[in-house]
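Colleague: To get the working numbering, take the position in the sequence shown, counting from 1, and add 12.
If you scroll down you'll find the structure; I have some questions about it.
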Amino acid sequence: MANPVLVEAMRGDLVESRHRGAVCVRDADGATLLSLGDVARPVFPRSAIKVIQALPLIESGAADAYGFGNRELALACASHSGEPAHAALAESMLKRAGFDAGSLECGAHWPMGEAAARQLAREGGQPSALHNNCSGKHAGFVCTCAHRGIDPRGYVRRDHDMQISVREAMESVTGAPHREEACGTDGCSIPTYAVPLDALALGFARMASGVGLGNERAKAARRLMDACMAEPFCVAGTDRVDTKLMQGAGGRIFVKIGAEGVYCGAVPELGIGIALKCDDGAGRAAEVMVAAVLARLFKDDHAMARHLDALAHPELTNWKGNRVGALRPAGELARSDGRSAAG
């Protein structure tokens, strides 16, 4: 089936571009609360599932052994902008376990945040693995291995004990098998498995509510989500939509972007999980989609709905700073977010 148009890019009063996609919202009992498009088609969730991949960090006892608080746990779930505070925190996590940046197998890239990249270049620096947006997750992997007495070398391989633990957590939480034929390699070199959106939405509802996870895993899941909601800067960075969504929600919303137009999220107080994918991989459209879905869920909370609605309708400006258009939810997503498509 062809997925519906869910986001439109306007230039003036005319639609210039359209983004198709799929959205699924479920509760922990498995009920589907919203389904748009083909939510049974497997997609690579990429970085949107880092909070699930971080479960072994808690469950192994490594987080407590190394004294990790909310900032470290949030960074372990992050796709950060590579700002100085992010790189320094990743380095600090490694040092507590007796390692350094040389143990990271995620590769190096310039900070995703433009200001951070410019600052590093002005200082004559070169990017290291600490600037990789996944360095916190990888620091968590190294620390987990160290605490468990496992050689961290090769921890990105699918057959390494670290990735076996991650795969087990993913299968347990989502209920979806993670088979070899559905396995690819993520940008940071770890395995990534294609999973249907409806399974991902169920998994995040379980992470938020603890239903079906068992007592220890439920406590670990909530601890990680609470850390991310308490320290959203560590999850993303300055002016990032994930940061804005969670900061403005005051601990009531968890969200996490993934590459190629994926978002996963949860509303713990409602026990609801969200998973979506923009077909063409556009991050700008995925951001509108997740904000619009959340605005629908909080439609009766007018202050929260206004905050979310603003993020679902971002303005587009030119290089002089003049408004030239906007992004907006379209189709069924527009009908669900409290504005009409013409609004």
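Where is the CB? At the ideal position from N, CA and C, for every residue including glycine.
Just so we're clear, the structure is a prediction, and the values are computed from it rather than from any experiment.
Would you tell me roughly how many angstroms separate the C-alpha atoms of Asp171 and Ser184, rounded to the nearest one?
Modeller: When rounded, the distance between both Cα atoms is 18 angstroms.
Colleague: Is the Cβ-Cβ distance between Phe266 and Met237 less than 7 angstroms?
Modeller: In contact: Phe266 and Met237 (Cβ atoms closer than 7 angstroms).
Colleague: How many Å lie between Glu84 and Met124 at the Cα?
Modeller: Whole-angstrom Cα-Cα distance: 19 angstroms.
Colleague: Are the Cβ atoms of Leu209 and Val51 separated by less than 7 angstroms?
Modeller: Against a cut-off of 7 angstroms, the Cβ pair of Val51 and Leu209 comes out as a contact.
Colleague: Measuring straight from C-alpha to C-alpha, what distance separates Gly355 and Leu323?
Modeller: Confidence is the limiting factor: at Gly355 the pLDDT is only 36, short of 50, which leaves the residue's position unreliable, though a coordinate-based value still follows. Each residue's Cα considered, the two are about 15 angstroms apart.
Colleague: Pick out whichever of Arg218, Lys332, Ala194 and Ala99 has its Cα sitting closest to the Cα of Gly283.
Modeller: Residue Arg218 is the option with its Cα nearest to Gly283.
Colleague: When DSSP labels each residue in this structure, what does Gly343 get in the three-state scheme?
Modeller: If DSSP states are grouped into helix, strand and coil, Gly343 belongs with the helices.
Colleague: Using beta-carbon positions only, say whether Cys246 and Ala90 come within less than 7 angstroms of one another.
Modeller: Contact: yes.
Colleague: Compare the C-alpha of Pro96 against each of Thr250, Lys289 and Pro280 and name the closest.
Modeller: Selected option, being the one with the closest Cα: Thr250.
Colleague: Ser59 and Thr156 look like a contact to me (Cβ under 8 angstroms); what is the Cβ gap, rounded to whole Å?
Modeller: No, Ser59 and Thr156 are not in contact; Cβ-Cβ is about 18 angstroms, not under 8 angstroms.
Colleague: I need the DSSP call for Thr156, collapsed to helix, strand or coil.
Modeller: Helix, per DSSP.
Colleague: Assign Arg335 to one of three DSSP states: helix, strand, or coil.
Modeller: Strand, per DSSP.
Colleague: Rounded to the nearest angstrom, what separates Ala74 and Lys256 at their Cα positions?
Modeller: Answer to the nearest angstrom: the Cα atoms are 30 angstroms apart.
Colleague: Taking DSSP's pairing of strands, which residues face Phe266 in a bridge?
Modeller: Ala278, per the DSSP bridge assignment.
Colleague: Looking only at C-alpha atoms, which of Asp173, Pro54 and Glu281 sits nearest to Leu69?
Modeller: Ranking the options by Cα distance to Leu69, first place goes to Asp173.
Colleague: With a threshold of 16 other CB atoms inside 10 Å of the CB of His314, please say whether the residue is buried or exposed.
Modeller: So His314 counts as exposed.
Colleague: Within 10 Å of its beta-carbon, does Leu26 have 16 or more other beta-carbons around it, so buried, or fewer, so exposed?
Modeller: Its Cβ having fewer than 16 others within 10 Å, Leu26 is exposed.
Colleague: Please name the residue in Val19, Val223, Pro139 and Lys107 whose C-alpha comes closest to that of Ala43.
Modeller: Ranking the options by Cα distance to Ala43, first place goes to Val223.
Colleague: What's the gap between the Cα of Glu243 and the Cα of Asn82?
Modeller: Their backbone Cα atoms lie some 7 angstroms apart in a straight line.
Colleague: What separation, rounded to the nearest whole angstrom, lies between the Cα atoms of Ala21 and Cys290?
Modeller: Rounded to the nearest angstrom, the two C-alpha atoms are 14 angstroms apart.
Colleague: Could you check the C-alpha separation between Lys332 and Arg165 for me, to the nearest Å?
Modeller: In a straight line, the C-alpha of Lys332 is about 49 angstroms away from that of Arg165.
Colleague: Helix, strand or coil for Gly196? Go by DSSP, reduced to three states.
Modeller: In this structure, Gly196 counts as strand in the three-state DSSP scheme.
Colleague: In terms of residues, what are the limits of the alpha helix (DSSP H) holding Asp176?
Modeller: Sequence inspection shows Ile at residue 176; the Asp mentioned does not correspond to that position. It spans Asp173 to Thr186 - the alpha helix (DSSP H) in which Ile176 sits, taken as one unbroken run.
Colleague: Quick check on Pro280: buried or exposed, where buried means 16 or more other Cβ atoms within 10 Å of its Cβ?
Modeller: Under this definition Pro280 is a buried residue.
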